[in-house]
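Residue numbers (my numbering): 28 to 274.
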């Protein structure tokens with residue numbers, strides 16, 4: 028009887044003490060399961076991975092994904108289509124890309140427009156529509172590739188003549204004497220679009236991605252990036268995207 032009485036007397040005290048001391052489980056905050064960030068890549072052959080050993084694995088968006096993997100959980104949607112122009116992308120790629128509400132987007136359109144003879148003003152207008160749709164709401168970080176120095180590519184002369192050796196399926200590019208000024212006009216349009224929508228420009232020439240400096244960055248067709256070149260593209264995009272934003 029005495030033992031029973033002690034148990035009854037001490038029970039409220041024990042309960043009170045237990046209530047006042049949280050258990051280890053209650054001190055740990057619930058685990059937060061964050062959804063992966065969405066990365067959308069739009070573009071043409073360079074985005075698809077033409078010229079690399081394994082386009083699905085070696086294309087620059089996939090290699091860029093690997094660079095972010097240590098710090099971000101990203102899901103990649105590579106929508107690149109070989110030979111795609113900005114006009115085609117407005118109906119082929121943009122509706123899907125805009126619907127994904129991406130956190131990160133890379134945009135690489137210029138070469139196919141230029142070799143097709145698209146005026147810089149038309150290219151800029153269409154690029155503006157693409158970037159505006161991708162960056163709507165301001166939540167998407169957008170990076171746009173500049174136009175590479177096409178006239179330096181080994182296959183450029185063959186494509187100028189419309190030779191069967193041109194890797195662009197028989198396309199005849201504008202005269203090489205005009206290409207450099209066209210590249211400059213395209214890059215000016217790209218800069219205007221980036222400034223209008225808060226995007227970052229990836230300066231490929233400024234990053235040292237030229238054939239004269241790194242011939243190994245070019246595939247055997249003399250026009251598209253190799254696997255090493257795609258890796259260099261990925262690094263250029265990564266550096267541009269992770270650089271501190273200017274005030």
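Where is the CB? At the ideal position from N, CA and C, for every residue including glycine. Because the structure is a prediction, the values reported are computed rather than measured.
*Got a sec, what are the start and stop residues for the beta strand (DSSP E) residue 132 sits in?*
131 to 135
*DSSP state of residue 225 mapped onto helix, strand, coil*: coil
*Using the DSSP secondary-structure output, state which residues sit across from residue 101 in a beta bridge.*
64
_Using only the alpha-carbon positions, how far apart do residue 25 and residue 187 sit?_
Residue 25 lies beyond the stretch modelled for the chain, which goes from 28 to 274, so this question has no answer here.
*May I ask you to report which of helix, strand or coil DSSP gives residue 86?*
coil
*Alpha carbon to alpha carbon, how far is residue 130 from residue 216?*
24 angstroms
_CB contact below 7 angstroms: residue 169 versus chain C_ = Looking at the structure shown, chain C is missing, and only one protein chain is on hand.
*Assigned secondary structure, residue 195 (DSSP; H/G/I helix, E/B strand, else coil)*: coil
*Compute the Euclidean distance between the alpha carbons of residue 113 and residue 164, then round it to the nearest angstrom.*
22 angstroms
*Find the nearest neighbour of residue 67 within the set 104, 242, 95, judged by alpha-carbon distance.*
104
_Under the three-state DSSP convention, the category residue 258 falls into_ = helix
_For residue 171, the residue or residues it bridges with in DSSP_ = 134, 228
*Taking residue 122 as part of the alpha helix (DSSP H), name the residues at either end of that continuous run.*
121 to 126
*Going by other Cβ atoms of all chains shown within 10 Å of its Cβ, with 16 needed for buried, is residue 261 buried or exposed?*
buried
*Do you know how far the Cα of residue 78 is from the Cα of residue 175?*
16 angstroms
*Take residue 83 and list the residues in its own chain whose beta-carbon comes closer than 6 angstroms to its own, dropping the five residues that flank it on each side.*
none
*Alpha carbon to alpha carbon, how far is residue 168 from residue 248? Give it in angstroms, no decimals.*
33 angstroms
*Does the region 229 to 244 come close enough to the region 262 to 271 that 3 or more CB-CB pairs lie under 8 angstroms?*
yes
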